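**Q**
2 protein chains.
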Amino acid sequence: MQQRVSLITLAVSDMGRSAAFYEALGWARVKTDDGVVAFDLIGQTLGLYPRAKLAEDIGIREADLGRGAMTLGYNVSEKQEVAALIDVARAAGARILKEASDVFWGGHHGYFADPDGHIWEIAHNPFSPLSDEGAFRWNGYG
Amino acid sequence: MQQRVSLITLAVSDMGRSAAFYEALGWARVKTDDGVVAFDLIGQTLGLYPRAKLAEDIGIREADLGRGAMTLGYNVSEKQEVAALIDVARAAGARILKEASDVFWGGHHGYFADPDGHIWEIAHNPFSPLSDEGAFRWNGYG
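These protein sequences, in sequence, are chains A and B.
Numbers given in the numbering used here equal positions in the first sequence, counted from 1, plus 1.
Numbers given in the numbering used here equal positions in the second sequence, counted from 1, plus 1.
Following this line, the structure appears as structure tokens:
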């Protein structure tokens, strides 16, 4: 098994509300009319899909969907971008879990939750600079 | 906000168990000694981090971590790779949620859960072929 993730699928309760939320962050969806709202990322896709349909697709109860806790991280090159993006998320209707803050290891970050509670971290990690294309490599906390 | 995800962080209850699970899938961790187990993906990183520490980092209760239902998809170029990788996951200790199966839209897929319930889909989508480097673009179901 190679080290890659093709699709990050967020299970959502209201497709229109969630699509509007990510569009309000400045994202442009791929044109599709197959019941999925897709956003192209670097080498992968983030998809929005109805909770009930995703549970049906897997063959589990909807209540069993949300067991695996995970967060999606969005790293930025400049420290001051963190607060700016937390404000973008707030304006888009996100629930802010943590305002832009210095972190003990020398970074700076904030957290928000999207309409269905998917947690995003906006982070500046001075020890793991982004590539020119925005790709991220983990070099530790420093 | 650009369309990218830098870090997918899986909150886990036993770092050693989860690291061994992903290594049993054939993945090699980045050498770090900072309390994170990191695997380099294409242009991003998948990290394992203790549930309690992730909740503390965000500033929420651990019980509030798992609200956002999502799945990670791993697409393959050949249909028969799906069953083979479901077997790899089974051998690594995964709970198989759905064996390799044809899907109504013309694809083929299976699902498993890792030790903490994070759901992975192994999928062959003949309408969205992978690039030579393994990158994925959503072209719909066909």
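Note that beta-carbon positions come from the ideal geometry of N, C-alpha and C, so glycine has one too.
Predicted model, so just to flag it, every value in this text is computed and none were measured.
How big is the Cα-Cα spacing for Gly44/B and Ile61/A?
**A** If you take the alpha carbons of Gly44/B and Ile61/A, they lie about 31 Å apart.
**Q** Please decide whether Phe137/A counts as near chain B, where near means a Cβ-Cβ distance under 8 Å.
**A** So, interface residue.
**Q** Between the C-alpha atoms of Phe113/B and Met71/A, what's the straight-line distance to the nearest angstrom?
**A** Rounded to the nearest angstrom, the two C-alpha atoms are 16 Å apart.
**Q** What residues in the stretch 74-105 of chain A bring their beta carbon closer than 7 Å to a beta carbon of chain B?
**A** Answer set for the stretch 74-105 of chain A: Gly74, Tyr75, Asn76, Leu86, Val89, Leu98, Lys99.
**Q** Let me confirm a value: Asp115/B is counted as buried when at least 16 other C-beta atoms fall within 10 Å, else exposed. Which label applies?
**A** Its Cβ being crowded by 16 or more others within 10 Å, Asp115/B is buried.
**Q** Check whether the stretch 44-57 of chain B and the stretch 85-96 of chain B touch, using three or more Cβ-Cβ pairs below 8 Å as the test.
**A** Output reads no: the stretch 85-96 of chain B does not touch the stretch 44-57 of chain B.
**Q** By Cβ distance below 6 Å, which residues in the same chain neighbour Gly111/A in space, the five residues on each side in sequence not counted?
**A** Once the five neighbours on either side are set aside, the close Cβ partners of Gly111/A are Val83, Ile87, Lys99, Glu100, Ala101, Ile123.
**Q** Threshold first: 3 residues or longer. Then list the beta strand (DSSP E) segments lying entirely within the stretch 28-100 of chain A, N to C.
**A** The qualifying runs are 38-41, 46-51, 71-76.
**Q** In angstroms, rounded to a whole number, what distance separates the CA positions of Leu42/B and Asp15/A?
**A** Their Cα atoms are separated by approximately 30 Å.
**Q** Would you kindly report the start and end of the unbroken beta strand (DSSP E) that includes Ala124/A?
**A** From DSSP, the beta strand (DSSP E) with Ala124/A extends over 120-125.
**Q** Taking the alpha helix (DSSP H) that Phe22/A belongs to, which residues open and close that run?
**A** Segment 16-25, the alpha helix (DSSP H) holding Phe22/A.
**Q** Can you list, in chain order, the residues of its chain whose CB lies under 8 Å from that of Gly27/B, leaving out five sequence neighbours each side?
**A** Within the same chain, Gly27/B has close Cβ partners Val89.
**Q** Can you confirm whether His125/B, when its beta carbon is compared against all beta carbons of chain A, has any partner nearer than 8 Å?
**A** Output row for His125/B: interface = no.
**Q** Please work out which residues of its chain come closer than 8 Å, Cβ to Cβ, to Ala29/A, disregarding the five sequence neighbours upstream and downstream, and give them in chain order.
**A** Here the set comprises Phe40.
**Q** List, in chain order, every chain E residue whose beta-carbon is nearer than 7 Å to that of His119/A.
**A** Looking at the structure shown, chain E is missing, and the protein chains on hand are A and B.
**Q** Taking only the alpha-carbon atoms, compute the straight-line gap between Leu8/B and Trp139/A and give it to the nearest angstrom.
**A** So the alpha carbons of these two residues sit roughly 9 Å apart.
**Q** So which residues of chain B does Ser7/A contact, with C-beta pairs closer than 7 Å?
**A** In chain order: Gly74, Tyr75, Asn76, Phe137.
**Q** In terms of residue numbering, what span does the beta strand (DSSP E) encompassing Ala12/A cover?
**A** First-last of the beta strand (DSSP E) with Ala12/A: 8-13.
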